[in-house]
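K.L.:
Protein chains in written order, with this note's numbering: chain F, 1 to 156; chain C, 157 to 312. Note that beta-carbon positions come from the ideal geometry of N, C-alpha and C, so glycine has one too.
Protein chains: 2
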Amino acid sequence: MLRISKLTDYGTMILVYLAAQTGKVCSANDVASGTRIALPTVQKLLKILARGDLVHSLRGADGGYALSRPPERISAAEIVDVLEGPLSITECSMTDSQCELEEGCPVGDAWQKINRTIRGALDTVTLADLAHPPHEFPLPQPSARRGKIVERRSHD
Amino acid sequence: MLRISKLTDYGTMILVYLAAQTGKVCSANDVASGTRIALPTVQKLLKILARGDLVHSLRGADGGYALSRPPERISAAEIVDVLEGPLSITECSMTDSQCELEEGCPVGDAWQKINRTIRGALDTVTLADLAHPPHEFPLPQPSARRGKIVERRSHD
DNA sequence: GCATATGGGACTATCTTAGTCCAATATGCT
DNA sequence: AGCATATTGGACTAAGATAGTCCCATATGC
Numbered sequence: 001m002l003r004i005s006k007l008t009d010y011g012t013m014i015l016v017y018l019a020a021q022t023g024k025v026c027s028a029n030d031v032a033s034g035t036r037i038a039l040p041t042v043q044k045l046l047k048i049l050a051r052g053d054l055v056h057s058l059r060g061a062d063g064g065y066a067l068s069r070p071p072e073r074i075s076a077a078e079i080v081d082v083l084e085g086p087l088s089i090t091e092c093s094m095t096d097s098q099c100e101l102e103e104g105c106p107v108g109d110a111w112q113k114i115n116r117t118i119r120g121a122l123d124t125v126t127l128a129d130l131a132h133p134p135h136e137f138p139l140p141q142p143s144a145r146r147g148k149i150v151e152r153r154s155h156d
Numbered sequence: 157m158l159r160i161s162k163l164t165d166y167g168t169m170i171l172v173y174l175a176a177q178t179g180k181v182c183s184a185n186d187v188a189s190g191t192r193i194a195l196p197t198v199q200k201l202l203k204i205l206a207r208g209d210l211v212h213s214l215r216g217a218d219g220g221y222a223l224s225r226p227p228e229r230i231s232a233a234e235i236v237d238v239l240e241g242p243l244s245i246t247e248c249s250m251t252d253s254q255c256e257l258e259e260g261c262p263v264g265d266a267w268q269k270i271n272r273t274i275r276g277a278l279d280t281v282t283l284a285d286l287a288h289p290p291h292e293f294p295l296p297q298p299s300a301r302r303g304k305i306v307e308r309r310s311h312d
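(1) Using 8 angstroms as the Cβ pair cut-off and three pairs as the minimum, do the segment 29 to 37 of chain F and the segment 68 to 75 of chain F touch?
(2) What is the DSSP secondary structure of F:R3, reduced to helix, strand or coil?
(3) CA-CA distance, C:A287 and C:D279?
(4) Measuring only between beta-carbons, confirm whether C:L202 sits less than 8 angstroms from chain F.
(5) With a 10 Å radius around its C-beta and 16 neighbouring C-beta atoms as the bar for buried, classify F:N115 as buried or exposed.
(6) Taking DSSP as the reference, what is the three-state secondary structure of C:G99?
(7) Expressed to the nearest angstrom, what Euclidean distance is found between the alpha-carbon atoms of F:L67 and F:A19?
(8) Report yes or no: is there a C-beta of chain F within less than 8 angstroms of the C-beta of C:I270?
(9) Measure the Cβ-Cβ separation of C:L210 and C:E234 and say whether it is below 8 angstroms.
(10) Using a Cβ cut-off of 8 angstroms (strictly closer), state whether C:T273 contacts chain F.
(11) For chain F, is any of its Cβ atoms less than 8 angstroms away from the one on C:V281?
(12) Using a C-beta to C-beta distance shorter than 7 angstroms, which residues of chain F count as neighbours of C:A277?
(13) Cβ of C:A175 less than 8 angstroms from any chain F Cβ?
(14) Flag this pair as yes or no: are the beta carbons of C:S231 and C:V281 separated by less than 8 angstroms?
(15) Looking at the unbroken beta strand (DSSP E) that takes in C:G220, where does it start and where does it end?
(16) Spatial neighbours of F:R119 within its chain, please: C-beta separation below 8 angstroms, excluding the five flanking residues on both sides.
(17) So with CB distances below 7 angstroms, who are the chain C contacts of F:A76?
(18) Looking at the structure shown, is C:T282 part of a helix, part of a strand, or coil, going by DSSP?
(19) Is the CB-CB distance between C:I170 and C:L214 below 8 angstroms?
(20) Which ranges does the alpha helix (DSSP H) cover as unbroken runs of at least 4 residues, wholly within the segment 7 to 53 of chain F, from first to last along the chain?
(21) Here's a check: name, in chain order, each residue in its chain whose Cβ is nearer than 6 angstroms to the Cβ of F:T41, leaving out the five neighbours to either side.
(22) Please say whether C:A277 and F:T117 have beta carbons closer to each other than 8 angstroms?
(23) So which of C:H212, C:E240, C:K162 has the shortest CA-CA distance to C:A184?
(24) Look at the alpha carbon of C:T168 and the alpha carbon of C:A284, and state the distance between them as a whole number of angstroms.
(25) With a threshold of 16 other CB atoms inside 10 Å of the CB of C:R159, please say whether the residue is buried or exposed.
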């Protein structure tokens, strides 16, 4: 249904990788080999993440990147914002360009609320949660198939 | 941030329009003029909605479309499913094609949960909610700005 | 049979996305 | 100072998804 781009997925992986290095400065090369993502892509992503202030950069020899904050203080919402841009769920609900259908379109308002709900969900998730298996989400778990089985009962 | 396609937005508008006609059969032409969406687009969307069982179709002269269920029984999640396809928030979390990054990728799991959270949010919203201003959402309301009107004649 | 509709699909132009590469700048070390 | 290393910024291309249109077959009512 709703999508995030691959870049966002990769970017999240990179952040998770950096989180695992606990503050150490890693070059783009390190990250690339650590995550197995193509180097140029890693470079691109790291630039974006640096501009979004999610990572801190050090130039020059022995330079590299490190998280700008502890993982607990980086939310999934921020990550999506930085990597996807501040896009909203519908076009007309974010830009000033209101469509001419507006009048007969009481829909956008509702989509906006849905959007806000989704945003709220993303706000509750931190990079730390993404990094190590926390499983403290307010949600049931139908059928998680994915190699490693994790023992966890759905609380709530 | 997260996006739905324009088609989904339009499709929702169409459903809202049909909901307002309370069961009456409307031709694609009716819907097009009622929503001011380009006719070919409306036709395309109605076909998709019919295949997704959200609307019922009547062929032949005097034929047309009507909601297949009362608006209260159509959820936003269904709408998104039908119009966007059963895509998941990340690619690798939906297909069986596990990426080779998997091992170092404890991320997908978390995205899946986020995905499920989002889905839960969409499940609570019905077409009836989208149709008339209900404002009975379990959510605070920061700042809904929706003001200026811009001409965007992309079709018609 | 004719007018009116939907059904299914093909088709194209356009936009976005993914991914790559290059020149400029900054830093550490010898 | 000079060289190697690394980020910065931007341009660039190829591939894919999206939006939108159109055509022909089929079904129904008069």
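P.N.:
Based on what the coordinates show:
(1) no
(2) strand
(3) 16 angstroms
(4) no
(5) buried
(6) The displayed coordinates of chain C run from 157 to 312. Any statement about residue 99 of chain C would go beyond what the structure contains.
(7) 7 angstroms
(8) yes
(9) yes
(10) yes
(11) yes
(12) I114, T117, I118, A121
(13) no
(14) yes
(15) 220 to 223
(16) A77
(17) I270
(18) strand
(19) no
(20) 28 to 35, 39 to 51
(21) none
(22) yes
(23) C:H212
(24) 11 angstroms
(25) buried
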